[in-house]
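Numbering (the UniProt record's numbering), first residue to last: 1 to 827. Glycine included, every Cβ here is placed at the ideal spot set by N, Cα and C. One structure is given below, encoded as structure tokens.
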């Protein structure tokens, strides 16, 4: 048997205090460490014996004592003396002395005390009502059985504990790796693999150099109803391609000729025209502009006598090579030169990038999407970009979508770009927000976008589009073109048999509109113009003609859209395509099955004709404004049986007032000043001289007096507080009749406060300060039609875009749900 000589010495941290201090510390900690001392004693009971029979494995056995010389015996004796001295000074570290053992009955008493305390604590939780109850005894039913949750705090896994484990961030890392390869970093990676370069700093540098917002590898696409603007994010101006497809008539399913517009119009049209002309005369009279009394007769006489002058093709300043051979489909610029006799023109887009489901020229949704893909291929392969399909996977796309978008259209477009065309990643941004980026507007702004077929009004605040301020109007620049051509026909325009439905006829109307129309009062007089008549297969003819008020009456239709609605009713393409609409159904909520597209209160009020303009009763207007939040909630909670397809023909100035008022009241009434001071007008249809002056006048004319006063914000805040106090008092009252009487009390309070408000203004001798109206033109002489595209290029070059990119893996795994996490707006 081996007997060990002495025990293990486990010295603790030396304490420089006196022995008395050590004893006091030991007495203070003795009760807290009694359980631990007991466990240590039981585990080391066999090891912590007296030095003569110690079982320490580090000492020399007695059986070998005879091999140790006398010097070693002296050393052991010295060590033993030192150990005893340390043991007296550090009582806790003396393992030769057994610690005090805690009795078992005392441990049991402590255990019962802890159980009793836990029971008392559970009773207190139950009394306060915050007790957690788990029905683990209930037998689960159904197909899916509940799984016990894992306490992530104590679980050994790192799942979802680090940012890099999130799906979006892992996808961003994958996108960075793909971008690294596409940016030409392959040689560096090869050097690292071959060992010819140091992998320490170069790897970090390559990771930092990767930029997902690289302008050289990012495309920006803005699809409109008449043009597609596409280009790299580094480009100053976009490549503008007509969004038009010409197919041979033999392949067309709808070959019905539309009835051309003629000069002969019924009395209904003439009455609307007279209303606009009367407004024009009143404006000229207000600004003291002289109108010739026989101007109309001068125009008619000259135009009747105008004779053509034939010119040679080589002298044509803008020659056109018309396409008459219907052997294939044509896209973009080529499609606009196809003759009407051999081709049918199709337009796959409408209102800011939505698909043209109302076109009768498409038999199926696949047919329309094929036109979209081929049109984008044509634009990307043009001279400005020169990209082919094999290069798409190296490029990312920033797509501009409408403000009041339809989710089904956006998701279909994204699916096409990611799966069909196989771009690397796609991010989306709304039109009005992109416009603010392009214009550099950081304050609250009202954006008016006058496009070819639609006009939109939206309020932007702090980088977000306010949903209940959105308004989409069903008229635009093309309607001004059509009305101007009709007015010219009624002025005996020398172009005989002018067909606006043909390519050459429509191009002629566009050129005349860009050359003639204006809002400058000083330029509205009898003026002489000339134009070149171009018809495929016929010699060129140059005519001279005169115009008078047609140049201003036509664009005034933006403020009198009833005449545009009349012209739309005479066009067959407005009938729609039910077959196509059934193939792309509106988006619905996954759980409730209700329509979940964006719904704007301003849009709904415009469709119902419930406008603030024209109200003479201030009390009713204030009551409506106080209930605005309730009306918004009711609109969002409605479950319509089908989407609202009604046309919106609200006058432009009234739509702006409606949008700004609802945006300010629902957000902050003090924002109204900023919105009226920053009205940004953009779009191809806004390039009319002096439009900003006319729009400012129209807003000041139609804005209600109550909403025009600069002190309205403080007055409305005071009114809101008092109405809230009345409702709160009625809700807390024990008498149920008080709640029924609260609406009448609020009405009486409104009348009282309103009388005091107007009396205070009248006391200032009627010098009421009105909110200023300021219409902002596009900054830095930028093209108003390309400003939205330019704003999207700004987004494509900032760091934020990394969090907005969708990849094909995102789409395959999550579908449209991923848009809820990778959008600047609430999708």
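Test item: CB-CB of residue 548 and residue 295 under 7 Å: Taking the chain shown and counting its residues from 1, the one referred to as residue 548 is at position 548. Taking the chain shown and counting its residues from 1, the one referred to as residue 295 is at position 295. Against a cut-off of 7 Å, the Cβ pair of residue 295 and residue 548 comes out as a contact.
Collapsed DSSP secondary structure at residue 554 in the structure displayed: By 1-based counting over the chain shown, the position of residue 554 is 554. Looking at residue 554 - three-state DSSP - the assignment turns out to be coil, as it is neither helix nor strand.
Residue nearest to residue 460 in terms of C-alpha spacing, selected from 413, 369 and 667: Taking the first residue of the chain shown as 1, we reach residue 460 at position 460. Nearest C-alpha to residue 460: 667.
Rounded C-alpha distance that separates residue 298 from residue 493: Along the chain shown, one-based indexing puts residue 298 at 298. Along the chain shown, one-based indexing puts residue 493 at 493. If I take the Cα positions, the gap works out to 13 Å.
Rounded C-alpha distance that separates residue 434 from residue 284: Stepping through the chain shown from its first residue, residue 434 is reached at position 434. Stepping through the chain shown from its first residue, residue 284 is reached at position 284. Computed Cα separation, rounded: 37 Å.
Outcome for residue 209 when other beta-carbon atoms lying within 10 angstroms are tallied against a minimum of 16: Locating residue 209 in the chain shown gives position 209, where the first residue counts as 1. Reliability of the predicted coordinates at residue 209 is poor, the pLDDT of 44 falling under 50, and the value obtained from them is presented with this limitation in mind. Around the Cβ of residue 209, a 10 Å sphere holds fewer than 16 other Cβ atoms; the residue is exposed.
Opening and closing residue of the alpha helix (DSSP H) in which residue 751 lies: In the chain shown, residue 751 corresponds to position 751, counting from 1. 736-762 is the extent of the alpha helix (DSSP H) around residue 751.
Secondary structure of residue 248, DSSP reduced to three states: Within the chain shown, the letter at position 248 stands for residue 248. In this structure, residue 248 counts as strand in the three-state DSSP scheme.
Cβ-based burial, residue 561 [other Cβ within 10 Å; buried from 16]: Counted from its first residue, the chain shown places residue 561 at position 561. Label assigned to residue 561: buried.
Touch test, the segment 378-388 against the segment 352-363, Cβ-Cβ under 8 Å, three pairs minimum: In short, these stretches do not touch, since the Cβ pair count stays below three.
Those runs of the alpha helix (DSSP H) which lie wholly inside the segment 279-322 and span at least 4 residues: 295-305
Buried or exposed by the 16-neighbour rule on C-beta atoms within 10 Å, applied to residue 599: Residue 599 sits at position 599 when you count from the first residue of the chain shown. Classification for residue 599: buried.
Separation of residue 272 from residue 263, as counted between CA atoms: As a working note, residue 263 is residue 263 in the chain shown. As a working note, residue 272 is residue 272 in the chain shown. Distance between the alpha carbons of residue 263 and residue 272 is about 15 Å.
C-alpha distance - residue 643 paired with residue 471, whole-angstrom precision: As a working mapping, residue 643 is identified with position 643 in the chain shown. As a working mapping, residue 471 is identified with position 471 in the chain shown. Separation of residue 643 and residue 471 (C-alpha to C-alpha, rounded to the nearest whole angstrom) is 16 Å.
C-beta neighbour in chain D for residue 275, strict 7 Å: In the displayed structure, chain D is absent; only one protein chain is listed.
Start-to-end residues for the alpha helix (DSSP H) that takes in residue 123: Counting from 1 along the chain shown, the entry for residue 123 is found at position 123. First-last of the alpha helix (DSSP H) with residue 123: 104-128.
Strand pairing of residue 227, partner residues [DSSP]: Taking the chain shown and counting its residues from 1, one reaches residue 227 at position 227. The partner list for residue 227 (beta bridge, DSSP) reads 242.
Under the three-state DSSP convention, the category residue 264 falls into: Looking up residue 264 in the chain shown gives position 264. Three-state DSSP puts residue 264 in coil, outside helix and strand.
Selected residue, minimal CA-CA separation from residue 468, among 475, 458 and 474: If you number the chain shown from 1, residue 468 lands on position 468. Comparing Cα positions, the closest option is 458.
Distance between residue 418 and residue 372 (C-alpha atoms, nearest Å): Taking the chain shown and counting its residues from 1, the one referred to as residue 372 is at position 372. Taking the chain shown and counting its residues from 1, the one referred to as residue 418 is at position 418. Rounded to whole angstroms, residue 372 to residue 418 spans 14 Å at the Cα level.
Buried or exposed (CB count within 10 angstroms, at least 16 for buried), residue 346: To locate residue 346, count along the chain shown from 1; it is residue 346. Residue 346 comes out buried.
Beta-carbon proximity check, residue 796 vs residue 416, cutoff 7 Å: Mapped onto the chain shown, residue 796 falls at position 796. Mapped onto the chain shown, residue 416 falls at position 416. It is not a contact, given that the beta carbons lie outside the stated cut-off.
CA-to-CA distance, residue 107 to residue 123, given in whole angstroms: By one-based count along the chain shown, residue 123 stands at place 123. By one-based count along the chain shown, residue 107 stands at place 107. Cα-Cα distance, rounded: 25 Å.
Cβ-Cβ separation, residue 401 to residue 410 (assumed contact under 8 Å), whole Å: Along the chain shown, read from residue 1 onward, the residue named residue 410 stands at position 410. Along the chain shown, read from residue 1 onward, the residue named residue 401 stands at position 401. The pair is a contact, with the Cβ atoms about 5 Å apart (cut-off 8 Å).
Residue of 672, 695, 743 and 638 minimising C-alpha distance to residue 717: Residue mapping note: residue 717 aligns to position 717 of the chain shown, counting from 1. It is 672.
Neighbourhood of residue 601 by C-beta, 7 Å cutoff - its chain only, sequence neighbours within 5 removed: As a working note, residue 601 is residue 601 in the chain shown. So the qualifying residues of the chain are 468, 631, 632, 635 and 662.
Contact between the segment 647-666 and the segment 600-616 (3+ Cβ pairs under 8 Å): yes
Where the alpha helix (DSSP H) containing residue 674 begins and where it ends: Your numbering for residue 674 matches position 674 in the chain shown. From DSSP, the alpha helix (DSSP H) with residue 674 extends over 672-677.
Boundaries of the beta strand (DSSP E) in which residue 459 is found, first to last residue: In the chain shown, the residue the question calls residue 459 occupies position 459. For residue 459, the enclosing beta strand (DSSP E) stretches over residues 455-461.
Burial state of residue 224 (16 or more Cβ within 10 Å): Taking the first residue of the chain shown as 1, we reach residue 224 at position 224. Result: buried.
Alpha helix (DSSP H) runs contained entirely in the segment 580-650, provided each spans 4 or more residues: 601-608, 618-626 and 628-637
Endpoints, the beta strand (DSSP E) within which residue 866 is located: Lying before the first or after the last residue shown, residue 866 is absent from the chain, which here runs from 1 to 827.
Integer-rounded CB distance, given that residue 508 should sit under 8 Å from residue 531: Indexing the chain shown from 1 puts residue 531 at position 531. Indexing the chain shown from 1 puts residue 508 at position 508. At roughly 7 Å, the Cβ-Cβ gap stays under 8 Å, so residue 531 and residue 508 are in contact.
Three-way DSSP call (helix, strand, coil) for residue 354 in this model: Translated into positions along the chain shown, residue 354 becomes position 354. Reduced to three states, the DSSP call for residue 354 is strand.
Rounded distance between the beta-carbons of residue 336 and residue 247, thought under 8 Å: The residue labelled residue 247 in the question sits at position 247 within the chain shown. The residue labelled residue 336 in the question sits at position 336 within the chain shown. That pair is no contact at about 14 Å.
Simplified DSSP state of residue 131, which is helix, strand or coil: Counted from its first residue, the chain shown places residue 131 at position 131. Reduced to three states, the DSSP call for residue 131 is coil.
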